[in-house]
């Protein structure tokens, strides 16, 4: 099976998740390639796709960003401090790229500026297409996180992130473009979190198609518990210090910068006789100098080895995000047996069980965050062990890769079976139910749990494909499909 992943960049949160899956699929014997607009690293199997009208000597991502900025210049009332707003068009001829030759599966990830959405029906023709949502952009009129706005349910327009009161602004036009392309394209939508799946399920441009949930997976050997003592000693930290790790952009409102500011202003220099140290990684956090707290700046940390050391030396990870999918840093910290304190928003409740493997507060409740830190003072080791156990149970890379292989196989079978046509039926047709989506017609399904998160028909062990009215040898597609061993007993996790 040849799989081509499409992702605009090879770095950043979404790209890291796509790269891990690409590597996981290759480790299971699939032929996986990743196609990007800009490659910052030297990853095996990752190729670049050039722009048609590239600016000589200019970074292609800069070229794309400049074009989006030119569109936004029409809206001088756009509020300051907002994140990316992108359109559905792209100046890349993916169809002609040699990496797509013979591809069985196109797997879209974060594709703004790489995939020209109006051309998606032609790109998808004759191929199985799966789209993993990493944010809200695939179903909005341009924003990547809506900030609570629900206008994407009615086709956008009067966009608050444009400062617009026009029902026919570019957000409405972009949403309409997406709707037309999606209506002419057959593809399967997957979300890593229940929250994002719920948001997407109500999006008008997706036309009511089902959204399944497959969580991200990690290499739990790369992200594993390490002895904290030597790492702390190398950084000048005491074994008794209470170390809070924080890696979000302090100036980003969505990432909880304002809540973090208020929280840090309330933290004393010591708690229960332990010196409190805030360790930050990533972009410099100049605002912290005014907080009067013990601050350790770790700078930019590249690669799993350095990140695992940072997680290991911390007592707790602070993650006050107000709107996010399934943050990689949370999974990574938990895999390293470091519990998390954050808000019960987005995909956070999928990972963090309050009082068991971390602590969650109501969105915006800074006192609740502090209460979580106080609990971590006493219970971090126990919560960390529970966090590690959860990751090993639900969030391994192997489980994620097997789950996607099953989705690919089912979609390939469906597409080829529909092309072949039904033959004499040996059994009863697939029963109609809330989770029997039209793209599973002709194939068997397993009765499963909550319909909103189970369009793949999985909640069993040793799942294989069965036929209803098709020759078994046709469904096996000359070796493409073999029974897959998938385990999923969790109520809201239909796939591993």
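In our numbering, the protein residues as written are 1258 to 1753.
C-beta atoms are modelled at their ideal positions from N, C-alpha and C, and glycine is treated no differently.
Just so you know, these numbers come straight off a predicted model, no measurement behind them.
For the ligand SAH, is there any heavy atom lying closer than 6 Å to the beta carbon of residue i?
i	result
residue 1568	Inclusion of the ligand SAH in the displayed structure is not the case, the ligand content being empty and no account of it being possible.
Quick one: Cα of residue i to Cα of residue j, how far?
i	j	result
residue 1373	residue 1353	13 Å
residue 1458	residue 1449	13 Å
residue 1621	residue 1605	14 Å
residue 1501	residue 1402	27 Å
residue 1496	residue 1518	26 Å
residue 1633	residue 1296	39 Å
residue 1499	residue 1572	6 Å
residue 1561	residue 1527	30 Å
residue 1433	residue 1416	14 Å
residue 1324	residue 1431	15 Å
residue 1364	residue 1642	34 Å
residue 1389	residue 1525	42 Å
residue 1278	residue 1453	19 Å
residue 1486	residue 1521	25 Å
residue 1538	residue 1387	34 Å
residue 1603	residue 1451	8 Å
residue 1503	residue 1534	11 Å
residue 1411	residue 1441	19 Å
residue 1359	residue 1384	9 Å
residue 1259	residue 1396	27 Å
residue 1559	residue 1305	22 Å
residue 1636	residue 1314	54 Å
residue 1516	residue 1382	47 Å
residue 1674	residue 1443	15 Å
residue 1671	residue 1276	27 Å
residue 1529	residue 1490	21 Å
residue 1532	residue 1542	20 Å
residue 1330	residue 1427	12 Å
Evaluate residue i with the Cβ neighbour count: other Cβ atoms within 10 Å of its Cβ, from every protein chain shown; 16 or more gives buried, anything less gives exposed.
i	result
residue 1274	buried
residue 1391	buried
residue 1267	buried
residue 1343	buried
residue 1566	buried
residue 1281	buried
residue 1693	Only weak support is given to the placement of residue 1693: the predicted model assigns it a pLDDT of 27, under 50, and the value that follows is read from those uncertain coordinates. Residue 1693 should be labelled buried.
residue 1612	exposed
residue 1317	buried
residue 1333	exposed
residue 1585	buried
residue 1557	exposed
residue 1607	buried
residue 1301	exposed
residue 1523	exposed
residue 1289	buried
With DSSP as the reference, identify every bridge partner of residue i, one or two as the case may be.
i	result
residue 1551	1534
residue 1600	1618
residue 1288	1259
residue 1611	1615
residue 1501	1535, 1573
residue 1201	With the chain covering only 1258 through 1753, there is no way to say anything about residue 1201.
residue 1469	1447
residue 1295	1266
residue 1385	1362
With residue i and residue j assumed to form a contact (beta carbons below 8 Å), what rounded beta-carbon distance in angstroms separates them?
i	j	result
residue 1492	residue 1553	6 Å
residue 1468	residue 1357	With a Cβ gap of about 25 Å, residue 1468 and residue 1357 do not count as contacting.
residue 1435	residue 1345	5 Å
residue 1361	residue 1669	6 Å
residue 1320	residue 1664	34 Å between Cβ atoms; not a contact.
residue 1480	residue 1593	5 Å
residue 1757	residue 1654	Nothing in the structure corresponds to residue 1757, since the chain is present only between 1258 and 1753.
residue 1471	residue 1666	Incorrect: roughly 14 Å between the Cβ atoms, too far for contact.
residue 1216	residue 1285	Nothing in the structure corresponds to residue 1216, since the chain is present only between 1258 and 1753.
Output needed for residue i: all residues of its chain with C-beta closer than 8 Å, excluding positions within five of it in sequence on either side, in chain order.
i	result
residue 1309	1348, 1349, 1350
residue 1271	1264, 1366, 1367, 1391, 1392
residue 1511	1340, 1402, 1404, 1578, 1579, 1580, 1581
Ordered along the chain, which non-local residues of its own chain (more than five positions away) have a Cβ less than 7 Å from that of residue i?
i	result
residue 1438	1374, 1375, 1377, 1378
residue 1647	1591, 1614
residue 1772	Residue 1772 lies beyond the range of the chain shown here (1258 to 1753); nothing can be said about it.
residue 1625	1618, 1619
residue 1482	1569, 1593, 1594, 1645
residue 1420	1332, 1334, 1335, 1336
residue 1555	1536, 1537, 1538, 1567
residue 1429	1398, 1412, 1413, 1414
residue 1369	1265, 1343, 1394
Tell me which same chain residues have a C-beta within less than 6 Å of the C-beta of residue i, skipping the five on either side of it?
i	result
residue 1337	none
residue 1576	1587, 1597, 1599
residue 1298	1267
residue 1616	1598, 1629, 1632
residue 1424	1414, 1415
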